[in-house]
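**Student:** Please find one structure pasted underneath; my questions will follow.
Number of protein chains: 2
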Amino acid sequence: MEPPVLRRVLIVDDESSIRDMLAMALEMAGFEVVHAGDAQTALQEIASLQPDLAIIDWMMPKTSGLELCRRIRKNPDTAEIPLVLLTARGEEDAKITGLEVADDYITKPFSPRELVARLKAVLRRTTPRGIDEPVEYDGLRLDPVGQKITARGRSLLLSPTEFRLLQLFMTQPNRAFTRSQLLDRVWGGDVYIDDRTVDVHIRRLRKILGENHSEMIQTVRGTGYRFDPPNTASTNR
Amino acid sequence: MEPPVLRRVLIVDDESSIRDMLAMALEMAGFEVVHAGDAQTALQEIASLQPDLAIIDWMMPKTSGLELCRRIRKNPDTAEIPLVLLTARGEEDAKITGLEVADDYITKPFSPRELVARLKAVLRRTTPRGIDEPVEYDGLRLDPVGQKITARGRSLLLSPTEFRLLQLFMTQPNRAFTRSQLLDRVWGGDVYIDDRTVDVHIRRLRKILGENHSEMIQTVRGTGYRFDPPNTASTNR
DNA sequence: TCATTCTGTAACACATTCGTAACACAACTA
DNA sequence: TAGTTGTGTTACGAATGTGTTACAGAATGA
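The listed protein sequences correspond, in order, to chains A and B.
Going by numbering that gives the first Met the number 0, the first sequence opens with residue 0, and the numbers climb by one from there.
Going by numbering that gives the first Met the number 0, the second sequence opens with residue 0, and the numbers climb by one from there.
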């Protein structure tokens with residue numbers, strides 16, 4: 000029913016070589032990757048970018064991986080994010096203590112294929128965050144159950160396609176979609192439609208959103224479009 | 000102000016190991032748990048214990064989960080109980096067929112955290128009140144015990160179908176229903192009736208409600224209909 | 001700067017969905 | 001039985017949604 004979703008993964012490790020290795024493997028598997036070198040920036044990235052999953056190294060200089068996990072779980076806004084611990088062989092206690100906070104662990108060394116398989120398994124058994132939970136950015140509110148979008152309390156008159164488009168954007172903010180990805184996910188896989196049609200629907204959506212909110216739909220030149228909620232410093236890449 | 004409610008959840012599954020696992024997770028989250036190993040006892044438990052929610056396995060030996068859902072919906076006394084289907088991965092059709100009758104589904108395997116989150120979400124949006132309590136929106140009053148609906152004191156002359164339709168809407172406001180969901184819940188599970196019939200009954204209902212109240216029944220283009228009470232700034236969270 | 005590519009915008013024709021009324025038959029009542 | 005009410009189906013017009021095209025304007029790179 001649902002087309003495959005491109006997931007955003009945060010990698011937290013103090014060694015940049017490992018980060019890069021992980022990133023390459025994950026990007027080849029179709030994940031979007033974000034980095035963090037220490038717990039502090041990790042927390043910031045999580046808050047602003049809302050990744051679908053975080054890979055956290057057990058051994059880190061200042062704050063340990065376990066401690067970072069605990070902090071993430073403590074904040075209700077981030078408590079539901081699946082966490083995967085990265086441990087060296089022999090750190091058996093990590094597996095025991097770690098699994099009480101994290102959702103899975105991976106032992107170094109590991110093959111990229113194994114890594115990807117484990118992540119997918121974790122994601123599969125984790126809720127696609129709030130598939131019917133309401134989302135709100137700057138007064139723009141999506142109510143998936145009621146199939147309704149309101150701007151500062153006033154309900155917007157959206158066509159079905161416009162609704163699905165905006166719904167996709169709002170549930171996957173800060174992520175750039177190509178036109179064909181949008182056609183795939185909003186129109187449904189097997190249609191053959193001109194790419195340019197997306198542009199027209201974006202135009203209509205922006206018009207309905209009006210001055211205030213239309214700025215959240217950014218065009219990514221040469222690629223497609225992206226939904227940027229405010230107060231998101233979006234410092235990656 | 001409502002006292003903290005301890006919700007009673009009924010688990011229906013033929014495998015006792017899964018029942019126990021579920022029960023443990025739910026009890027830790029503060030739910031009261033009741034078991035049933037088959038559809039027959041499930042129906043008895045529901046009738047006598049009136050749980051706030053039921054988790055039902057899709058695949059069961061004698062009566063299937065779907066069939067059980069339909070029976071629960073068919074009995075007016077139990078029709079409004081939120082139902083969550085438990086499906087194995089790959090049973091895609093279960094999700095599609097199931098969601099016409101159930102309120103949500105959970106795919107095995109799942110994490111306890113996911114389970115609890117989903118249940119809370121379902122409870123949040125389905126049972127804000129007791130089933131027999133009267134509901135009133137803008138002078139439109141539903142009296143479930145007396146099976147009567149009055150508008151500003153004058154009682155409305157509704158046909159049985161119209162009554163059940165409006166009752167469903169008023170007990171589940173702000174929620175969009177597809178035509179087949181409405182057929183399932185208002186007409187009863189196994190009838191084969193044209194979708195368009197729903198439109199006609201909506202029309203009749205609107206006519207009876209008149210200028211003032213008919214606006215509460217909104218059509219959701221491409222989907223179905225929704226009951227929108229006025230003054231609902233929806234400030235939850 | 002110019003040339004080229006990409007995106008915004010409006011207008012149009014076609015497709016789809018929905019509202020409405022009319023009708024036939026079923027269910028119920030007296 | 002005859003009359004009344006309830007219900008499902010159908011048909012058609014109106015309203016709305018959608019894809020395409022054309023052109024203007026903006027961004028990009030040499």
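Beta carbons are placed, not taken as given, at the ideal position from N, Cα and C, and that holds for glycine.
(1) Please confirm whether any heavy atom of the ligand ZN lies closer than 7 Å to the CB of B/M215.
(2) Mind checking if A/Y136 is an interface residue toward chain B, Cβ cutoff 8 Å exclusive?
(3) Three-state secondary structure (DSSP) at B/F168?
(4) Could you tell me whether any Cβ in chain B is nearer than 8 Å to the Cβ of A/G187?
(5) Would you grab the beta carbon distance between B/D56 and B/V83 for me? Rounded to a whole angstrom, and I think it's under 8 Å.
(6) Please confirm whether A/V144 has its beta-carbon closer than 8 Å to some beta-carbon of chain B.
(7) Please tell me whether B/T222 has its Cβ less than 8 Å away from any Cβ of chain A.
(8) Within the region 23 to 66 of chain B, note down every full alpha helix (DSSP H) run reaching 4 residues or more, in order along the chain.
(9) In whole angstroms, give me the CA-to-CA distance for B/D13 and B/L122.
(10) For a cutoff of 8 Å on Cβ pairs, would you count A/H212 as touching chain B?
(11) Locate the beta strand (DSSP E) running through A/D103, then write down its first and last residues.
(12) Can you pull the chain A neighbours of B/R225, defined as C-beta to C-beta under 8 Å?
(13) Does DSSP put A/A116 in a helix, a strand or coil?
(14) Counting pairs of beta carbons, one from the region 144 to 163 of chain A and one from the region 199 to 208 of chain A, are three or more of them closer than 8 Å?
(15) So B/R174 and A/V32 are supposed to be a Cβ contact under 8 Å. How far apart are they, rounded?
(16) CB-CB under 6 Å to B/M169, same chain, minus the five flanking residues each way: which ones, in chain order?
(17) How far does the beta strand (DSSP E) with A/E210 in it reach, from first residue to last?
(18) Residues in the same chain with beta-carbon distance under 6 Å from B/E26, minus the five sequence neighbours each way, listed in chain order, please.
(19) Determine the DSSP secondary structure at B/E161, reduced to helix, strand or coil.
**Tutor:** Looking at the coordinates:
(1) Inclusion of the ligand ZN in the displayed structure is not the case, the ligand content being empty and no account of it being possible.
(2) no
(3) helix
(4) no
(5) Not a contact, Cβ separation roughly 10 Å.
(6) yes
(7) yes
(8) 38 to 48
(9) 24 Å
(10) no
(11) 103 to 107
(12) G145, Q146, K147
(13) helix
(14) yes
(15) So it is not a contact: roughly 37 Å between Cβ atoms.
(16) V134, L141
(17) Segment 195 to 213 is the alpha helix (DSSP H) holding A/E210; no beta strand (DSSP E) there.
(18) V32
(19) helix
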